[in-house]
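J.: One structure is given below, represented as C-alpha coordinates, and several questions about it will come after.
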Amino acid sequence: MANDTPLPIDDATAPLPAGHLHWLRAGRLEVALAPEAGGRIAQIRYDGVDWLVDAQEAGAAAIAWGCYPMVPWAGRIRRGRFQFDDKTYALPINFESHAIHGVGFTRPWQIHRIEADAATLSLALPKDEYWPFGGTATQVMQLSPDSLRLQLAVQADQHAMPAVLGWHPWFRKPDRLQFAPTGMYPRDGEGIAVLPVINAPPGPWDDCFVSHGEVVLETGAQRLHLHADTDHWVVYDAAPHATCVEPQTGPPDGFTLAPNRLEPGERLALDLEFQWHIAT
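Each residue of the sequence shown is one higher than the last, beginning at 351 in this note's numbering.
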(Lines of atoms letter the chains of each structure in order from A; the text may use other names.)
(Lines give C-alpha, C1' and ligand atoms only; values in the text may rest on other atoms or scores of the structure.)
Protein backbone atom coordinates (compact mmCIF):
# COMPACT_ATOMS: atom_id res chain seq x y z
CA MET A 351 0.00 0.00 0.00
CA ALA A 352 1.35 3.47 -0.84
CA ASN A 353 2.47 5.70 1.99
CA ASP A 354 -0.25 8.32 2.40
CA THR A 355 1.76 10.42 4.84
CA PRO A 356 2.43 13.78 3.16
CA LEU A 357 6.03 14.76 2.74
CA PRO A 358 7.17 17.87 4.60
CA ILE A 359 7.35 20.96 2.46
CA ASP A 360 11.11 20.92 2.90
CA ASP A 361 11.60 17.32 1.70
CA ALA A 362 15.23 17.32 0.60
CA THR A 363 14.78 14.72 -2.14
CA ALA A 364 11.68 16.22 -3.75
CA PRO A 365 12.11 17.83 -7.18
CA LEU A 366 12.98 21.52 -7.08
CA PRO A 367 13.31 23.11 -10.53
CA ALA A 368 15.46 26.18 -10.90
CA GLY A 369 12.70 28.54 -11.95
CA HIS A 370 13.57 31.89 -13.48
CA LEU A 371 17.32 32.61 -13.54
CA HIS A 372 18.93 36.01 -13.02
CA TRP A 373 22.41 36.16 -14.59
CA LEU A 374 25.10 38.27 -12.92
CA ARG A 375 28.29 38.99 -14.86
CA ALA A 376 31.74 40.51 -14.41
CA GLY A 377 34.48 39.88 -16.96
CA ARG A 378 34.88 36.14 -17.53
CA LEU A 379 32.66 35.25 -14.55
CA GLU A 380 28.93 34.52 -14.90
CA VAL A 381 26.61 33.49 -12.06
CA ALA A 382 23.02 32.27 -12.48
CA LEU A 383 20.88 33.13 -9.47
CA ALA A 384 17.71 31.07 -8.78
CA PRO A 385 15.80 32.92 -6.05
CA GLU A 386 12.71 30.71 -6.36
CA ALA A 387 14.79 27.56 -5.75
CA GLY A 388 15.97 28.22 -2.24
CA GLY A 389 17.87 31.39 -3.12
CA ARG A 390 20.60 29.25 -4.59
CA ILE A 391 23.17 29.78 -7.30
CA ALA A 392 22.14 27.52 -10.18
CA GLN A 393 25.42 27.80 -12.09
CA ILE A 394 28.86 29.42 -11.87
CA ARG A 395 30.61 29.79 -15.22
CA TYR A 396 34.18 31.03 -15.48
CA ASP A 397 35.86 31.54 -18.86
CA GLY A 398 33.26 29.25 -20.43
CA VAL A 399 33.62 26.39 -17.89
CA ASP A 400 30.56 25.42 -15.80
CA TRP A 401 31.60 24.61 -12.25
CA LEU A 402 28.34 23.42 -10.65
CA VAL A 403 26.08 20.41 -11.08
CA ASP A 404 22.84 21.87 -12.39
CA ALA A 405 19.21 20.89 -11.83
CA GLN A 406 19.00 18.79 -14.99
CA GLU A 407 22.05 16.71 -14.09
CA ALA A 408 20.80 16.08 -10.56
CA GLY A 409 17.26 15.21 -11.56
CA ALA A 410 16.18 18.47 -9.88
CA ALA A 411 16.23 17.00 -6.34
CA ALA A 412 16.43 19.95 -3.96
CA ILE A 413 19.42 18.60 -2.06
CA ALA A 414 21.61 17.72 -5.04
CA TRP A 415 22.42 20.71 -7.26
CA GLY A 416 23.74 24.23 -7.44
CA CYS A 417 25.19 26.13 -4.48
CA TYR A 418 22.61 26.73 -1.78
CA PRO A 419 22.49 28.40 1.64
CA MET A 420 22.07 26.25 4.75
CA VAL A 421 20.18 28.25 7.38
CA PRO A 422 19.39 28.23 10.28
CA TRP A 423 21.30 24.96 10.58
CA ALA A 424 23.79 23.13 8.39
CA GLY A 425 24.06 19.39 7.89
CA ARG A 426 21.96 16.90 9.81
CA ILE A 427 20.21 17.36 13.14
CA ARG A 428 19.95 13.91 14.66
CA ARG A 429 16.37 12.71 14.22
CA GLY A 430 15.38 16.38 14.08
CA ARG A 431 15.66 16.74 17.86
CA PHE A 432 17.64 19.18 19.98
CA GLN A 433 17.42 21.06 23.27
CA PHE A 434 17.46 24.82 23.70
CA ASP A 435 16.80 26.71 26.93
CA ASP A 436 15.87 23.46 28.68
CA LYS A 437 13.17 22.65 26.12
CA THR A 438 13.22 19.78 23.61
CA TYR A 439 12.34 20.62 20.01
CA ALA A 440 11.41 18.19 17.23
CA LEU A 441 11.81 19.41 13.65
CA PRO A 442 10.22 17.63 10.66
CA ILE A 443 12.35 14.85 9.20
CA ASN A 444 13.26 15.74 5.61
CA PHE A 445 16.11 13.34 4.74
CA GLU A 446 16.29 9.69 5.83
CA SER A 447 15.82 9.81 9.63
CA HIS A 448 17.11 13.33 10.19
CA ALA A 449 16.45 17.02 9.58
CA ILE A 450 19.00 18.34 7.09
CA HIS A 451 20.36 21.68 5.84
CA GLY A 452 17.83 24.07 7.39
CA VAL A 453 14.72 25.54 5.82
CA GLY A 454 16.22 28.10 3.45
CA PHE A 455 17.34 25.83 0.59
CA THR A 456 13.82 24.87 -0.54
CA ARG A 457 11.93 28.15 -0.10
CA PRO A 458 11.76 31.16 -2.40
CA TRP A 459 13.89 34.15 -1.39
CA GLN A 460 13.03 37.78 -2.02
CA ILE A 461 15.35 39.89 -4.16
CA HIS A 462 15.99 43.29 -2.58
CA ARG A 463 18.69 44.49 -4.95
CA ILE A 464 20.00 43.19 -8.23
CA GLU A 465 22.61 44.81 -10.44
CA ALA A 466 24.78 43.58 -13.30
CA ASP A 467 27.36 42.15 -10.88
CA ALA A 468 25.65 42.02 -7.46
CA ALA A 469 22.50 40.93 -5.64
CA THR A 470 20.96 41.01 -2.16
CA LEU A 471 18.26 38.55 -1.05
CA SER A 472 16.34 37.83 2.13
CA LEU A 473 14.12 35.16 3.65
CA ALA A 474 11.80 35.50 6.62
CA LEU A 475 12.34 32.27 8.55
CA PRO A 476 9.14 30.52 9.64
CA LYS A 477 7.84 30.47 13.17
CA ASP A 478 6.03 27.16 13.18
CA GLU A 479 6.75 23.42 13.43
CA TYR A 480 9.41 23.70 10.70
CA TRP A 481 11.37 26.30 12.69
CA PRO A 482 9.87 27.69 15.90
CA PHE A 483 12.05 30.78 16.43
CA GLY A 484 11.53 32.97 13.37
CA GLY A 485 14.40 35.26 12.37
CA THR A 486 15.60 36.74 9.08
CA ALA A 487 18.22 35.34 6.70
CA THR A 488 20.06 37.46 4.14
CA GLN A 489 22.45 36.82 1.28
CA VAL A 490 24.80 39.25 -0.44
CA MET A 491 26.58 38.32 -3.70
CA GLN A 492 29.29 40.41 -5.33
CA LEU A 493 31.18 39.52 -8.52
CA SER A 494 34.47 40.81 -9.85
CA PRO A 495 36.17 39.57 -13.04
CA ASP A 496 37.95 36.71 -11.23
CA SER A 497 36.11 36.27 -7.92
CA LEU A 498 32.72 35.75 -6.32
CA ARG A 499 32.09 36.89 -2.76
CA LEU A 500 29.13 35.51 -0.82
CA GLN A 501 27.84 36.43 2.60
CA LEU A 502 25.10 34.49 4.36
CA ALA A 503 23.70 35.89 7.63
CA VAL A 504 20.86 35.24 10.05
CA GLN A 505 19.44 37.60 12.64
CA ALA A 506 17.28 36.58 15.58
CA ASP A 507 13.94 38.29 16.09
CA GLN A 508 12.49 38.98 19.54
CA HIS A 509 13.42 35.49 20.79
CA ALA A 510 16.82 33.88 21.32
CA MET A 511 17.62 31.04 18.91
CA PRO A 512 20.37 28.57 18.00
CA ALA A 513 22.08 28.97 14.63
CA VAL A 514 24.61 27.28 12.35
CA LEU A 515 25.20 28.61 8.82
CA GLY A 516 26.72 26.97 5.76
CA TRP A 517 27.12 27.05 1.99
CA HIS A 518 26.61 23.84 -0.01
CA PRO A 519 28.19 23.98 -3.49
CA TRP A 520 27.87 20.89 -5.70
CA PHE A 521 30.98 21.16 -7.85
CA ARG A 522 31.27 19.11 -11.01
CA LYS A 523 33.93 16.52 -10.34
CA PRO A 524 37.28 18.35 -10.36
CA ASP A 525 40.50 16.85 -11.68
CA ARG A 526 42.06 17.43 -8.27
CA LEU A 527 41.07 18.58 -4.78
CA GLN A 528 43.70 20.15 -2.50
CA PHE A 529 42.51 19.95 1.10
CA ALA A 530 44.64 19.42 4.22
CA PRO A 531 42.48 19.21 7.36
CA THR A 532 43.92 19.12 10.86
CA GLY A 533 41.08 17.02 12.30
CA MET A 534 37.79 15.29 11.54
CA TYR A 535 34.54 14.63 13.39
CA PRO A 536 33.95 10.85 13.28
CA ARG A 537 30.47 9.58 12.42
CA ASP A 538 28.50 7.06 14.45
CA GLY A 539 26.17 4.29 13.30
CA GLU A 540 23.49 6.82 12.34
CA GLY A 541 25.93 8.70 10.14
CA ILE A 542 25.97 11.70 12.49
CA ALA A 543 29.10 13.60 13.53
CA VAL A 544 30.28 13.02 17.10
CA LEU A 545 33.14 14.11 19.36
CA PRO A 546 36.05 13.96 19.97
CA VAL A 547 37.74 15.15 16.79
CA ILE A 548 40.24 12.63 15.35
CA ASN A 549 42.92 12.60 12.66
CA ALA A 550 41.42 12.45 9.17
CA PRO A 551 41.74 9.06 7.41
CA PRO A 552 42.18 8.86 3.63
CA GLY A 553 39.07 9.57 1.55
CA PRO A 554 36.62 9.25 -0.02
CA TRP A 555 34.83 11.39 2.56
CA ASP A 556 31.40 12.50 3.67
CA ASP A 557 32.58 14.16 6.83
CA CYS A 558 33.10 17.40 8.74
CA PHE A 559 36.68 18.59 9.16
CA VAL A 560 38.63 21.24 10.99
CA SER A 561 40.86 23.10 8.54
CA HIS A 562 42.51 26.52 8.71
CA GLY A 563 43.90 26.64 5.17
CA GLU A 564 42.41 27.36 1.79
CA VAL A 565 40.80 24.72 -0.40
CA VAL A 566 41.74 24.43 -4.07
CA LEU A 567 39.86 22.65 -6.86
CA GLU A 568 41.52 22.09 -10.23
CA THR A 569 39.64 21.57 -13.49
CA GLY A 570 41.69 21.68 -16.66
CA ALA A 571 43.81 24.82 -16.56
CA GLN A 572 41.53 26.52 -14.03
CA ARG A 573 42.28 26.72 -10.32
CA LEU A 574 39.48 27.65 -7.93
CA HIS A 575 40.60 28.83 -4.48
CA LEU A 576 38.01 28.83 -1.68
CA HIS A 577 38.40 31.05 1.39
CA ALA A 578 35.91 31.31 4.27
CA ASP A 579 35.97 32.91 7.71
CA THR A 580 35.46 29.58 9.47
CA ASP A 581 37.51 26.50 10.30
CA HIS A 582 34.70 23.96 9.76
CA TRP A 583 34.33 22.34 6.34
CA VAL A 584 32.24 19.39 5.19
CA VAL A 585 33.67 17.51 2.21
CA TYR A 586 31.69 14.94 0.24
CA ASP A 587 33.71 13.43 -2.60
CA ALA A 588 32.30 9.90 -2.83
CA ALA A 589 30.01 10.65 -5.79
CA PRO A 590 31.50 9.98 -9.24
CA HIS A 591 30.00 13.13 -10.77
CA ALA A 592 30.51 15.73 -8.03
CA THR A 593 32.49 16.97 -5.04
CA CYS A 594 30.92 19.13 -2.32
CA VAL A 595 33.11 21.48 -0.27
CA GLU A 596 30.93 23.18 2.34
CA PRO A 597 32.10 25.87 4.78
CA GLN A 598 30.02 25.93 7.96
CA THR A 599 30.08 27.97 11.17
CA GLY A 600 29.87 24.74 13.16
CA PRO A 601 29.62 20.96 12.74
CA PRO A 602 26.57 18.92 11.71
CA ASP A 603 24.24 18.37 14.67
CA GLY A 604 25.74 21.63 15.85
CA PHE A 605 22.83 22.53 18.15
CA THR A 606 23.99 19.60 20.30
CA LEU A 607 27.75 19.32 19.61
CA ALA A 608 28.68 23.02 19.59
CA PRO A 609 25.71 25.14 20.65
CA ASN A 610 25.76 28.70 19.32
CA ARG A 611 23.16 31.06 20.79
CA LEU A 612 21.87 34.24 19.21
CA GLU A 613 20.20 36.66 21.58
CA PRO A 614 17.26 38.75 20.32
CA GLY A 615 18.51 41.01 17.52
CA GLU A 616 21.94 39.31 17.39
CA ARG A 617 23.40 38.37 14.01
CA LEU A 618 25.63 35.53 12.75
CA ALA A 619 27.37 35.74 9.35
CA LEU A 620 29.53 33.52 7.13
CA ASP A 621 31.69 34.89 4.31
CA LEU A 622 32.88 32.74 1.40
CA GLU A 623 35.09 33.77 -1.52
CA PHE A 624 35.64 31.90 -4.81
CA GLN A 625 38.78 33.07 -6.61
CA TRP A 626 39.89 31.77 -10.01
CA HIS A 627 43.29 31.52 -11.65
CA ILE A 628 44.19 30.06 -15.02
CA ALA A 629 47.46 28.15 -15.23
CA THR A 630 49.84 29.29 -17.97
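The beta carbon of each residue, even a glycine, is placed where N, CA and C say it ideally should be.
What's the call for arginine 457, buried or exposed, on a 16-neighbour Cβ count within 10 Å?
T.: buried
J.: Classify threonine 355 as buried or exposed, calling it buried when 16 or more other Cβ atoms lie within 10 Å of its own Cβ.
T.: Here the model assigns threonine 355 a pLDDT of 49, short of 50, so the residue's position is not dependable, and the following value carries that caveat. The residue is exposed, with fewer than 16 neighbouring Cβ atoms inside 10 Å.
J.: Rounded to whole angstroms, what's the CA-CA distance from tyrosine 535 to leucine 545? Just pull it up for me.
T.: 6 Å
J.: When the Cα atoms are used, what is the spatial distance from methionine 351 to arginine 431?
T.: Low confidence applies to methionine 351: its pLDDT is 34, below 50, so where it sits in the model is not reliable enough to give any reading.
J.: Are the Cβ atoms of arginine 499 and glutamate 623 separated by less than 9 Å?
T.: yes
J.: Looking at the unbroken alpha helix (DSSP H) that takes in phenylalanine 605, where does it start and where does it end?
T.: From DSSP, the alpha helix (DSSP H) with phenylalanine 605 extends over 604-607.
J.: For threonine 569, which residues in the same chain have their Cβ closer than 6 Å to its Cβ, ignoring the five residues on either side in sequence?
T.: Pro524, Asp525
J.: If you draw a straight line from the alpha carbon of glutamine 489 to that of alanine 503, how long is it in whole angstroms?
T.: Rounded to whole angstroms, glutamine 489 to alanine 503 spans 7 Å at the Cα level.
J.: State the Cα-Cα distance for the pair aspartate 400 and isoleucine 394, rounded to the nearest angstrom.
T.: 6 Å
J.: When DSSP builds the beta bridges, which residues end up paired with valine 584?
T.: Cys558, Glu596
J.: Specify the secondary structure class of glycine 430 as computed by DSSP and reduced to three states.
T.: helix
J.: Would you call the segment 371-380 in contact with the segment 405-421, where contact means no fewer than 3 C-beta pairs closer than 8 Å?
T.: Pairwise C-beta distances place the segment 371-380 out of contact with the segment 405-421, as fewer than three of them are shorter than 8 Å.
J.: Out of Pro495, Phe455, Asp435, point me to the one whose CA is closest to tryptophan 517's CA.
T.: Phe455
J.: Smallest Cα separation from alanine 530: which of Ala506, Val566, Thr438, Leu366?
T.: Val566
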